[in-house]
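Undergrad:
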Amino acid sequence: MGDIRKTYFDLRVTHAGAKSNCDLPLLSKNEAEKRRKYSSRVINTEKSSFVPLVYSTAGSTGKECQRHHKRLAEKISTKRHEQYNDVINHIRTRIRFALLKSALIAIILRGIRGKQTKGAIPLSSIPFNLIPEENTYECP
388 MGDIRKTYFD LRVTHAGAKS NCDLPLLSKN EAEKRRKYSS RVINTEKSSF
438 VPLVYSTAGS TGKECQRHHK RLAEKISTKR HEQYNDVINH IRTRIRFALL
488 KSALIAIILR GIRGKQTKGA IPLSSIPFNL IPEENTYECP
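Its first residue numbered 388, the sequence shown is counted upward by one per residue in the working numbering.
1. Taking the alpha helix (DSSP H) that SER427 falls in, what are its first and last residues?
2. Per DSSP, what are the beta-bridge partners of ILE439 in this structure?
3. Just how far apart, CA to CA, sit MET388 and HIS468?
4. If you draw a straight line from the alpha carbon of ARG458 to that of CYS452, how long is it in whole angstroms?
5. Return the residue from the list THR444, ASN431, TYR425 that minimises the CA-CA distance to VAL438.
6. Can you tell me which of ILE492, ASN417, LYS393 puts its alpha carbon nearest to the alpha carbon of GLU431?
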């Protein structure tokens, strides 16, 4: 079966348009910062590997994140005998919707910075069914 190792992931979503992010290599800078903070502890203490997953709010990903997604899609497509492009598309779509959902929850629960919200909307009343339940998109 092979050597099974644990891998730790640390996720960061950054807004490229923010004033504090005026550097050009924004994603690689964030990856390096995450590596500097956590990599040695994970490798030495946990005896595992570490991958920083860095995304921008515009939808781009860091190099290590891209490498991880490609490797994961390759493994899944081989195991399930599916097309690589279908698997990578599915992974990217699921991640984008998960990030969108977490951003919506953060905005609703925390509110927009700089503005006070009078009444918080209860989380249970928010519909998160972003993907239609039907498998087809044909007109009735």
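Beta carbons are placed, not taken as given, at the ideal position from N, Cα and C, and that holds for glycine. On a predicted model such as this, the values are computed, not experimentally measured, just so you know.
TA: Reading off the structure:
1. Looking at the DSSP string, the run of the alpha helix (DSSP H) that includes SER427 is 427-431.
2. Reading off the sequence, residue 439 comes out as Pro, not Ile. DSSP lists ASP397 as partners of PRO439.
3. Summary for MET388: the model assigns pLDDT 49, below 50, so the residue's position carries little reliability; its value from the coordinates is reported in the next sentence. Within the model, the alpha-carbon separation for MET388 versus HIS468 is close to 18 Å.
4. Their backbone Cα atoms lie some 10 Å apart in a straight line.
5. Looking at the Cα atoms, TYR425 is the closest of the given residues.
6. The amino acid occupying residue 431 in the given sequence is Asn; Glu does not appear at that position. Nearest C-alpha to ASN431: LYS393.
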